[in-house]
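Quick note on the numbering used here: the sequence shown kicks off at 1 and runs consecutively. Even for Gly, the Cβ is constructed at its ideal location relative to N, Cα and C.
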Amino acid sequence: MSNHIKLMEQAIEACRTGIATGQSPFGAVIATREGEVICAAHNSVRSDTDPTAHAEINAIREASRTLGTMNLIGHYLVSTCEPCPMCASAIHWARLDAVVFGATIDDAREAMFNELTLPAQQLYDTGGSHVKIYPLVLRDKCQELFNEWRNGPNAKPY
């Protein structure tokens, strides 16, 4: 669990980098089982003009390029927010072992994001996924990212 907290703090910093560059408040890190960081990423939907450029997707893309493989077995993803169904599916397809998240889909919805209200655990259970979920790590700090974003100059939900 201590690795989860340390890695979540890095995902929070990636999120803050994104907020500072005009992006939405989401950050993610991919690490080995031992906690070695492969990459950190933030949401870039606006700058990329790409609705799929969520922090989790960006992290998966970067980790795959860095490692030279689409198969990320032996790694896990840490996200400041519960993955949406698109990101949860990508996590499954990348064969990541687990996902750790802070804020929930409901928290993102309350912050004015157009989230589908399908929790990642429900998607994985229904689909028979092997991905393990570790929810609510530093949730308060992750929820606060929505307020930081809302109080900044670029608070435009998509």
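Range covered by the beta strand (DSSP E) that runs through residue i
i	result
Ile91	Unbroken run through Ile91 is the alpha helix (DSSP H), 85–93; no beta strand (DSSP E).
Ala111	That residue, Ala111, is in no beta strand (DSSP E); it is neither H nor E in DSSP.
His42	37–42
Boundaries of the alpha helix (DSSP H) in which residue i is found, first to last residue
i	result
Lys159	Look at the range of the chain in this structure, 1 to 158, and you will see that residue 159 is not part of it.
Ile57	55–67
Gly127	120–127
C-beta contact flag for residue i and residue j at 8 Å
i	j	result
Ala31	Glu56	no
Ala20	Ala28	no
Ile133	Gln121	yes
Ala108	Cys81	yes
Phe170	Cys15	Given a span of 1 to 158 for the chain in the structure shown, any question on residue 170 remains unanswerable.
Tyr76	Ala98	yes
His4	Val100	yes
Val2	Gln23	Per the sequence shown, residue 2 should be read as Ser rather than Val. Going by C-beta atoms, Ser2 is not nearer than 8 Å to Gln23.
Ile12	Leu145	yes
Backbone secondary structure at residue i - three-state DSSP
i	result
Ser24	coil
Val100	strand
Ala11	helix
Thr52	coil
Lys156	coil
Leu77	strand
Val29	strand
Buried/exposed call for residue i, threshold 16 Cβ in 10 Å
i	result
Trp93	exposed
Thr117	exposed
Met8	buried
Pro153	exposed
Glu110	exposed
Asn147	exposed
Thr104	buried
Leu138	buried
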